[in-house]
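Trainee:
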Amino acid sequence: METPAIPVPEARSVVPASLRGLLPVLLALPVLALFQWLMSDAPFASYLLSVVGVNIILAVSLNIVNGMTGQFSIGHAGFMAVGAYISGVLSLNLKDIALSFLPVAVSDQVFFVLSLLVGGLAAALCGFLVGLPSLRLRGDYLAIVTLGFGEIIRVVVQNTDAFGRALGLSGIPQTSSPAMVYFFVFLTVLVARRITGSSHGRSLWAIREDEVAAEAMGVDTTGYKVRAFVISSFFAGIAGALFAHFVPIINPGSFTFVKSMEIVVMVVLGGLGSTTGAIVAATFLTLLPEGLRSLFTVLGAEGSLAQKVDQIRMPVYGLLLVVLMLARPQGLFGTKEIWDVLPRWIPRKRRGLA
Amino acid sequence: MSDAQVKTLGERQAFPPLLSVDGIKVHYGAIQALKGVSLTVGKGEVVALIGANGAGKTSTLRAVSGMLKPSGGRIQFNGHDTTTLKAHQLVPRGMAHAPEGRGVFPNMTVQENLELGAYLRTDTSGIQADLEKSFTLFPVLKERRKQMAGTLSGGEQQMLAIARALLSKPQLLLLDEPSLGLAPQVTEAIFRTLREVNATGVSVLLVEQNAHLALNAAHYGYVLETGEVVMAGPGKALLESAEVRRAYLGE
Chain V
301 METPAIPVPE ARSVVPASLR GLLPVLLALP VLALFQWLMS DAPFASYLLS
351 VVGVNIILAV SLNIVNGMTG QFSIGHAGFM AVGAYISGVL SLNLKDIALS
401 FLPVAVSDQV FFVLSLLVGG LAAALCGFLV GLPSLRLRGD YLAIVTLGFG
451 EIIRVVVQNT DAFGRALGLS GIPQTSSPAM VYFFVFLTVL VARRITGSSH
501 GRSLWAIRED EVAAEAMGVD TTGYKVRAFV ISSFFAGIAG ALFAHFVPII
551 NPGSFTFVKS MEIVVMVVLG GLGSTTGAIV AATFLTLLPE GLRSLFTVLG
601 AEGSLAQKVD QIRMPVYGLL LVVLMLARPQ GLFGTKEIWD VLPRWIPRKR
651 RGLA
Chain U
11 MSDAQVKTLG ERQAFPPLLS VDGIKVHYGA IQALKGVSLT VGKGEVVALI
61 GANGAGKTST LRAVSGMLKP SGGRIQFNGH DTTTLKAHQL VPRGMAHAPE
111 GRGVFPNMTV QENLELGAYL RTDTSGIQAD LEKSFTLFPV LKERRKQMAG
161 TLSGGEQQML AIARALLSKP QLLLLDEPSL GLAPQVTEAI FRTLREVNAT
211 GVSVLLVEQN AHLALNAAHY GYVLETGEVV MAGPGKALLE SAEVRRAYLG
261 E
């Protein structure tokens, strides 16, 4: 099935083909290490950056379904919750165990990554179970089902002792770090961009454009939609798992429908189908309340408006969306990427690289 | 007409068998769209399926191409039972469907649309050759190869849909209402090309409301009425039959 629809020109490179896929990861590692070192003395900045990173993962992964495939999922917070709780419970149970042949810090990180992956896989499994029946149909069924799924997960968590009910889970080891978060941001973006450039991405694009025609061309529409949905859910689970390891407490209130809509807004704002758009929008919308808070503080509205920023966030989102729909209905970048839209000082070659 | 007799006119020209549809039924919920449609298409033959709105023409085509699952009956293609196969399994077996309403990918260029037609093929040089072939067949597509398909005129979109379907290298091309919403001259141009396509050995199963054009172009034709075949015969014979003239040609 993996037949490229477009003959890809042979890229000349000094790196052997087998290692080329790993190259971006290897290049990212020292950058992240430096980043971690710079961040080590700034707890609030670390926290904020981690939240931005988690939101980027959520937006970029949702974009695979809502943007690239043209389906409409509005329950992303549900998959995030699955990842957060599964990995949170796992980490709580593994807390006192250490691998004796490794230093404690390293052993912690090993368990952390393990529980991240378990959280991601659990979310992916949920994605498969939710996606398979609803993606066989065309139309709005996925929206309804994912909406229901998100709420079901929240209610289940709220009523399960193992998940701490409404009080939430606390005491999860805080093993996450901005570097770790951004490593997974990087992986998510890499996967999303690889999908766009592959025949898999072409298939998703065809489905987005015209599902009937795509089917007539021989695209296994259900199969591709489910695969996209499972990949998206997996990263949502990873995002949730990361989140659980740097906030002091996770509770059902963090994974409501409002959170799902927040992610949808990010994807729509960035442009349905644009990975870089999702990144920019996620960063902007996450930092927006902080910016407003500082603004109100500077204006001397301390104690009143500055405290209420979190409450006025949703009306601001709504306003932003209305303005966006009027001014730029396709989102910031439409289906394109930042280097297609911004001036040409970013060389066009990068499109092929990413 | 519950137990309709198929009225057959004239002698059918002999073609080696390619597609045989045997009593297929299709239900949309409680509504039965096809009550048992049987037809055959030979290798190299052009077969037209005519009938009024809602007669079941499109449903027949969709059942044949695997986009709909028939609730009864059998479909054989190239000697294999393909009744339960889906569209993506039938395309590599040589069946191409240009769906109703053209269905081009509007935000892709003409070239990208055509390349998606070759979605399941891996022979890069063969695809290139066939691309060139479709540009000679439809020169206007060559002029517009870098243009977004959504900006083409209706006729050009129809040509693109046909060209795209042909890029999967089909033995059988299923065409749904190629004349829909097109000017008569454009329609005629498309039908002329269709004959050229057929001359290269591709069989065509054509669904049309424009009975005159379709029957003129077809070796053989079937008349569908409320989910059943009521009449069959060579294109010319159907054109001359009083019933067809009265019902579909407005005489």
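Chains as they are written, first to last, in the working numbering: chain V, 301 to 654; chain U, 11 to 261. Where is the CB? At the ideal position from N, CA and C, for every residue including glycine. None of these values were measured; they are calculated from a predicted model.
#1: When burial is assigned at 16 or more other CB atoms within 10 Å of the CB, is V/TRP505 buried or exposed?
#2: Using CA coordinates, which residue listed in V/GLY631, V/THR369, V/LEU417 and V/ALA541 is at the minimum distance from V/VAL567?
#3: Answer yes or no: does any C-beta atom of chain U fall closer than 7 Å to that of V/ALA506?
#4: Looking at V/SER574: is its Cβ nearer than 7 Å to the Cβ of V/PHE633?
#5: So who's on the other strand from U/ASP32, going by DSSP bridges?
#6: Do you know how far the Cα of U/PHE201 is from the Cα of V/LEU660?
#7: So with CB distances below 8 Å, who are the chain U contacts of V/HIS512?
#8: Give the residues of chain V in contact with U/MET118, contact being defined as C-beta atoms less than 9 Å apart.
#9: Decide if V/PHE508 is buried, meaning its Cβ has at least 16 other Cβ atoms within 10 Å, or exposed.
#10: Please state whether the Cβ-Cβ distance between V/SER350 and V/PHE555 is less than 7 Å.
#11: Any chance you could list the alpha helix (DSSP H) runs of at least 4 consecutive residues sitting entirely within the segment 111 to 156 of chain U, in chain order?
#12: Check whether the Cβ of V/GLU637 lies closer than 7 Å to any Cβ atom in chain U.
#13: Would you give the residue range spanned by the beta strand (DSSP E) that V/GLN336 belongs to?
#14: Starting from the C-beta of V/PRO629, find all residues in its chain whose C-beta is less than 6 Å away, skip the five residues before and the five after it, and write them out in chain order.
#15: Please list, in chain order, the chain U residues whose beta carbon lies closer than 9 Å to that of V/ARG502.
#16: If you follow the alpha helix (DSSP H) that V/VAL547 is part of, which residue opens it and which one closes it?
#17: Ignore the nearest five residues each way along the sequence and tell me which others in V/LEU442's own chain have a CB closer than 7 Å to its CB.
#18: Looking at C-alpha atoms only, which residue of U/ALA62, U/LEU183, U/TYR129 and U/PHE87 is the closest neighbour of U/GLY260?
#19: Locate the alpha helix (DSSP H) running through V/VAL564, then write down its first and last residues.
#20: Can you tell me the Cα-Cα spacing of U/ARG131 and U/THR210, whole angstroms?
#21: I'd like to check one pair, V/SER533 with V/GLY375: are the Cβ atoms closer than 7 Å?
#22: Are there 16 or more other CB atoms within 10 angstroms of the CB of U/HIS90, so buried, or fewer, so exposed?
#23: Give the list of continuous alpha helix (DSSP H) stretches no shorter than 4 residues that lie fully inside the segment 343 to 410 of chain V.
#24: Helix, strand or coil: which one does DSSP assign to U/ALA58?
#25: At 8 Å on the CB atoms, spell out the chain U contacts of V/ASP297, in chain order.
#26: Can you give me the C-alpha to C-alpha distance between U/MET169 and V/ILE444, rounded to a whole angstrom?
#27: Just checking V/VAL519 against the ligand FMN - is the residue's beta carbon closer than 6 Å to any of the ligand's heavy atoms?
#28: According to the neighbour-count rule (16 or more other Cβ atoms, all chains shown, within 10 Å of its Cβ), is V/GLY570 buried or exposed?
#29: Under 7 Å between the Cβ atoms of V/GLY670 and V/PHE449?
#30: Rounding to the nearest angstrom, what Cα-Cα distance links U/ILE34 and U/ALA227 in this structure?
#31: Any contact of the segment 386 to 393 of chain V with the segment 508 to 525 of chain V, i.e. 3+ C-beta pairs under 8 Å?
#32: Tell me which residues share the same chain as V/LEU432 and place their Cβ nearer than 7 Å to its Cβ, disregarding the 5 neighbours each side in the sequence.
#33: Could you spell out the range, first to last residue, of the beta strand (DSSP E) harbouring U/ALA108?
#34: Between the Cα of V/PRO343 and the Cα atoms of V/SER476, V/PRO324 and V/LEU399, which residue gives the shortest distance?
#35: Rank U/VAL56, U/ASN123, U/THR50 and U/VAL240 by C-alpha distance to the C-alpha of U/GLY160 and give the top, closest one.
#36: Does the distance from the C-beta atom of U/VAL51 to that of U/LEU78 stay below 7 Å?
Mentor: In terms of the structure at hand:
#1: buried
#2: V/GLY631
#3: yes
#4: Cβ atoms of V/SER574 and V/PHE633: closer than 7 Å.
#5: U/ARG84
#6: Since the first and last residues shown for chain V are 301 and 654, residue 660 of chain V lies out of range.
#7: Checking the displayed sequence, the identity of residue 512 of chain V turns out to be Val instead of His. Under the 8 Å cutoff, chain U gives MET77, PRO109 and GLY113.
#8: Contact note: U/MET118 reaches chain V through TRP505, ALA506 and GLU509, using a C-beta cutoff of 9 Å and chain order.
#9: Rather than Phe, the amino acid found at residue 508 of chain V in this sequence is Arg. It is buried - the Cβ of V/ARG508 has at least 16 other Cβ atoms within 10 Å.
#10: no
#11: List check, alpha helix (DSSP H) in window: 120 to 127, 134 to 147 and 149 to 153.
#12: no
#13: Looking at the DSSP string, V/GLN336 is not in any beta strand (DSSP E); the run it does join, the alpha helix (DSSP H), is 323 to 339.
#14: Around V/PRO629: no qualifying Cβ.
#15: GLU122, GLU125, LEU126 and TYR129
#16: Taken as a continuous stretch (DSSP letters only), V/VAL547 belongs to no alpha helix (DSSP H), as it is neither H nor E.
#17: GLN371, PHE372, SER373, SER434 and LEU435
#18: U/ALA62
#19: 557 to 570
#20: Each residue's Cα considered, the two are about 19 Å apart.
#21: no
#22: exposed
#23: Here the runs fully enclosed are 343 to 363 and 376 to 394.
#24: strand
#25: Residue 297 of chain V is absent from the structure shown; chain V starts at 301 and stops at 654.
#26: About 38 Å.
#27: Because no ligand of any kind appears in the structure shown, any question about the ligand FMN cannot be addressed here.
#28: buried
#29: With chain V covering only 301 through 654, there is no way to say anything about residue 670 of chain V.
#30: Rounded to whole angstroms, U/ILE34 to U/ALA227 spans 25 Å at the Cα level.
#31: no
#32: VAL526
#33: 105 to 108
#34: It is V/SER476.
#35: U/ASN123
#36: no
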